[in-house]
Every structure is written in structure tokens, then in C-alpha cells.
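Residue numbers (my numbering), protein chains in the order written: chain A, 3 to 112; chain B, 9 to 121.
Notes follow the structure.
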Amino acid sequence: GENVEQHPSTLSVQEGDSAVIKCTYSDSASNYFPWYKQELGKRPQLIIDIRSNVGEKKDQRIAVTLNKTAKHFSLHITETQPEDSAVYFCAAPGFNKFYFGSGTKLNVKP
Amino acid sequence: EAQVTQNPRYLITVTGKKLTVTCSQNMNHEYMSWYRQDPGLGLRQIYYSMNVEVTDKGDVPEGYKVSRKEKRNFPLILESPSPNQTSLYFCASALRSMNTEAFFGQGTRLTVV
């Protein structure tokens with residue numbers, strides 16, 4: 003099955019700085035790569051996703067890049083704000099299943 | 009409002025006492041799934057369903073059962089709960105498969121003593 007590894011497990015940045023979270027996957031057939039944000043005590047929610055036919059996607063301060071050759075994709079958050087503090091999960095599909103990374107706890111210090 | 013609803017939100021039970029966690033979605037999604045979330049392990053898939061009457065095991069199915077008799081409902085059944093099933097559980101649905109956005113329920117915090 004698919005194996006998704008996510009780094010780092012925790013990340014602390016100063017407000018206004020950028021944050022980058024990286025994931026690697028093993029199944030070269032995977033073609034959809036979403037990122038979910040989970041605020042404390044709440045459910046995960048999709049923040050951005052990318053399909054394998056594009057290399058980068060942006061949505062305001064959030065961007066995702068995909069390198070299919072190297073089998074890794076990254077989440078970039080620019081101009082971080084305290085409300086960005088949360089746990090972020092990457093994910094990749096396997097056969098009818100979905101595999102999540104172990105999560106990155108992002109702390110944005112005011 | 010489009011949503012996935014789980015009940016109960018919190019549950020404390022004793023070892024061996026059968027329980028059911030309900031999950032319902034109102035988006036006419038074909039794909040539904042259950043996950044457990046444990047510290048440092050992320051979200052691990054327990055069972056999933058591609059459509060009515062079609063269910064299959066995820067990565068951690070031991071000790072759990074599911075059923076999909078109607079498109080909107082996907083209950084999770086623990087026939088004989090054990091303390092190692094203490095966890096935070098999430099139900100999720102997606103339009104056709106997990107190659108589309110997944111919508112999660114509010115979560116169920118289960119404690120087995």
C-alpha cells in the first residue's frame with residue numbers, strides 16, 4: 003500500500019515568517035494530494051489540494067508544490083498568522099484507500 | 009447545510025460492552041470511511057465503503073465492524089471494546105472516492121475502561 007511520511011512533526015515560527023511542511027509518498031500511481039488543517043478540538047478540513055498534472059497551486063497565502071519524479075509534495079504558508087496555528091496533514095490515495103501523514107503541529111508565535 | 013454528523017461526541021464505556029457510533033451525511037456521497045486518530049500516528053483508516061452494501065477493510069480493522077445499508081449512513085460497531093480502542097474517531101465522506109475532497113464529522117472521543 004501507499005506510505006506517506008510527513009516532516010517535521012512540530013514547527014514553530016514567528017508571526018509573519020513562512021512555514022514549509024514536506025511529505026513523501028511511495029505509490030507512483032497516486033494522482034491526488036490534499037492538505038488538511040485541524041484546529042484544536044475540531045475536525046480536519048481541506049485547505050488546498052493538487053493533482054498530478056500540475057506542479058504548483060496557490061491560494062492566497064497557501065501554496066502546494068508537487069514533484070512527481072521525487073515523489074514528494076510540500077505545503078507553503080507565507081506571512082503566517084496566529085490563526086494558522088493548527089495540525090496539518092498531508093494525504094495520498096492508494097487503491098480505494100486514503101493514507102494520511104502523521105501530522106505537523108504548527109505554532110505561530112505572535 | 010452540507011455536513012457529516014457523528015454521534016455521540018463523547019463516550020465512556022467499559023470493556024466488552026457493545027457500542028455503535030453513528031455517522032450520517034446529507035451530500036449524497038458514495039464514499040464513506042472511518043478513521044481513528046492517535047497521537048503521533050495521524051489518521052488511520054479503519055473501514056471504508058464505496059457504495060451501498062459495499063464495504064472493505066482499511067489498515068486497522070481489527071475489533072471493528074461496519075455496515076452500509078443506506079447511502080447516507082455508515083455506523084461503526086465495536087462488538088467487544090477494549091482499552092486499546094480508546095481513541096478519537098472520525099467519519100468522513102467523499103463524492104466518489106478519496107480522489108476528491110473528504111468531509112469529516114465532528115469526531116467521537118471514545119474511552120474504554
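By construction, the Cβ of each residue, glycine as well, lies at the ideal position given by its N, Cα and C atoms.
Residue-level contact check: glutamine 33 of chain B does not touch chain A, since none of the beta carbons of chain A fall below 8 Å from its beta carbon. Per DSSP, the unbroken beta strand (DSSP E) holding arginine 44 of chain B starts and ends at 39-46.
Within the same chain, and ignoring the five residues on either side of alanine 65 of chain A in sequence, the residues whose Cβ sits closer than 7 Å to its Cβ are Glu58, Lys59 and His78. Contact between asparagine 34 of chain B and glutamine 11 of chain B holds: CB atoms are separated by about 6 Å, below the 8 Å threshold.
Residue A:Ile50 holds the alpha-carbon nearest to the alpha-carbon of tyrosine 38 of chain A among A:Ser28, A:Ser30 and A:Ile50. One thing to note: valine 22 of chain B has its Cβ no nearer than 8 Å to the Cβ of threonine 116 of chain B.
Residue environment analysis places serine 20 of chain A among the exposed positions, since fewer than 16 neighbouring C-beta atoms fall within 10 angstroms of its C-beta.
Just measuring C-alpha positions, the residue of B:Val121, B:Tyr56 and B:Gly66 sitting nearest serine 75 of chain B is B:Tyr56. Contact between glycine 50 of chain B and glycine 96 of chain A fails: their C-beta atoms lie close to 14 Å from each other, not under 8 Å.
Annotation: the continuous beta strand (DSSP E) that includes alanine 93 of chain A extends over 88-95.
In the displayed model, proline 112 of chain A falls within coil according to three-state DSSP, outside both helix and strand. Counting along the chain, proline 84 of chain A sits inside no beta strand (DSSP E), nor does DSSP assign it H or E at all. Residue range 50-59 is occupied by the beta strand (DSSP E) that includes methionine 58 of chain B.
Apart from sequence neighbours up to five positions away, the residues of its chain that approach glutamate 7 of chain A with a beta-carbon distance below 7 Å are Cys25, Thr26 and Gly103, ordered along the chain.
Leaving aside the five residues that flank proline 16 of chain B on each side, the residues in its chain whose CB is nearer than 8 Å to its CB run, in chain order, Val29 and Thr116.
Taking a C-beta cut-off of 9 Å against chain B, the contacting residues of the region 44-77 of chain A are Lys44, Arg45, Pro46, Gln47, Leu48, Asp51 and Arg53, listed in chain order. One Cα belongs to aspartate 29 of chain A, the other to asparagine 55 of chain A, and the distance between them is close to 16 Å. Secondary structure note for threonine 21 of chain B: its beta strand (DSSP E) is the uninterrupted segment 18-21. Against chain A, a Cβ distance below 8 Å from leucine 49 of chain B picks out Ser104. Taking a Cβ-Cβ cut-off of 7 Å, the neighbours of tyrosine 34 of chain A in chain B comprise Asn107, given in sequence order. For asparagine 81 of chain B, the secondary structure class from DSSP, reduced to helix, strand or coil, is strand.
Interface annotation, lysine 99 of chain A: in contact with chain B, CB-CB separation under 8 Å.
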